[in-house]
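Before any comments, here is the structure.
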Amino acid sequence: MSDFLYPFLEGVGPDVPALLADLATSAEHKAAVSNRLRSETLEREAELLATIADAMAARFRAGGRLFTFGNGGSSTDAASVAVLFASPPSGDALPARCLADDTAVLSALGNDVGFELVFSRQLIAHARAGDIALGLSTSGGSRNLLTAFQEARQRDILTIGLAGYDGGEMARSGDVDHCLVVRSDSVHRIQETQGALAVALWSAVHERLAAAEATRA
Numbered sequence: 200m201s202d203f204l205y206p207f208l209e210g211v212g213p214d215v216p217a218l219l220a221d222l223a224t225s226a227e228h229k230a231a232v233s234n235r236l237r238s239e240t241l242e243r244e245a246e247l248l249a250t251i252a253d254a255m256a257a258r259f260r261a262g263g264r265l266f267t268f269g270n271g272g273s274s275t276d277a278a279s280v281a282v283l284f285a286s287p288p289s290g291d292a293l294p295a296r297c298l299a300d301d302t303a304v305l306s307a308l309g310n311d312v313g314f315e316l317v318f319s320r321q322l323i324a325h326a327r328a329g330d331i332a333l334g335l336s337t338s339g340g341s342r343n344l345l346t347a348f349q350e351a352r353q354r355d356i357l358t359i360g361l362a363g364y365d366g367g368e369m370a371r372s373g374d375v376d377h378c379l380v381v382r383s384d385s386v387h388r389i390q391e392t393q394g395a396l397a398v399a400l401w402s403a404v405h406e407r408l409a410a411a412e413a414t415r416a
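Mapping of the sequence shown onto our numbering: residues 200 to 416, in sequence order.
Here it is as structure tokens:
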């Protein structure tokens, strides 16, 4: 089994057990780093998470919809966020769509108007005032996300960014209403923690919606 997972081990000989032990130690270290970063980030951003959840819940109650987007690995994370809201493991489904899902639309826009506009053009076509735009980037500097946020802000769409490192331009942009920053220089650890932030945000939004429903009952 190890030959299939780690083909570079083939022919190593008697050093294989030691190498496997090193790999196990490395995996344990990465897991510990990830867990620590996740805990630290959730604690540091707790107040901002609550503020964002309040704003998102208010928009959903008023009929708003969530649009998510990102590039590369962040596009799959954006898709996961949209699925979490639209097809939740518990609670009511909320309207959510990932703008990175449709390869035909992405390739057409990239070819016709440029990749920088692939998300902003979709917001122009589908979003309206009162909606929510949530973009994920490890660097915080993805130009097509920043362009989408600029377009969204002009249309009274709530803008939320998830970034890594020091937040990059996303954290400094006046077009981003709220930016959650994972302070790490590891792309892998950033994306893992952004996933945890997204789950925490989804949970907090549902808590607020449930509380509002209970108050009306």
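For every residue, glycine included, the Cβ atom is placed at its ideal position computed from N, Cα and C.
{"Item": "Proximity below 7 Å, CB of Val244 to CB of Leu379", "Value": "Inspection of the sequence shows that residue 244 is occupied by Glu rather than by Val. Contact: yes."}
{"Item": "Whole-Å CB distance - Pro375 paired with Gly360, under 8 Å assumed", "Value": "Correcting the residue type first, residue 375 is Val in the shown sequence and not Pro. That belief holds up - the Cβ atoms of Val375 and Gly360 are roughly 5 Å apart, short of 8 Å."}
{"Item": "CA-to-CA distance, Pro287 to Asp355, given in whole angstroms", "Value": "26 Å"}
{"Item": "The beta strand (DSSP E) enclosing Leu381, as first and last residue numbers", "Value": "First, the amino acid is wrong: residue 381 is Val here, not Leu. Unbroken beta strand (DSSP E) run through Val381: His377 to Val381."}
{"Item": "Reference Gly271; option with closest CA among Ser383, Ser338 and Ala397", "Value": "Ser338"}
{"Item": "Collapsed DSSP secondary structure at Leu357 in the structure displayed", "Value": "strand"}
{"Item": "Collapsed DSSP secondary structure at Arg237 in the structure displayed", "Value": "helix"}
{"Item": "Pro294 versus Leu222: straight-line alpha-carbon distance, rounded", "Value": "42 Å"}
{"Item": "Segment contact flag, the segment 398 to 411 with the segment 245 to 255, C-beta cutoff 8 Å, min 3 pairs", "Value": "yes"}
{"Item": "Pick from Ala332, Leu316 and Ala370 that is closest to Met255, judged by C-alpha positions", "Value": "Ala332"}
{"Item": "When Ala277, Thr275 and Arg296 are compared against Ala285, the one with the closest alpha-carbon", "Value": "Arg296"}
{"Item": "Reference Ala410; option with closest CA among Gly263, Asp291 and Ala230", "Value": "Asp291"}
{"Item": "Thr250 - containing alpha helix (DSSP H), residue span", "Value": "Ala245 to Arg260"}
{"Item": "CA-to-CA distance, Leu345 to Gln353, given in whole angstroms", "Value": "13 Å"}
{"Item": "Ala426 versus Glu242, Thr358, Ala413 and Ala277, residue with shortest Cα-Cα distance", "Value": "Any question about residue 426 goes unanswered here, given that the chain covers just 200 to 416."}
{"Item": "Spatial distance of Ala252 from Ala299 (CA atoms)", "Value": "23 Å"}
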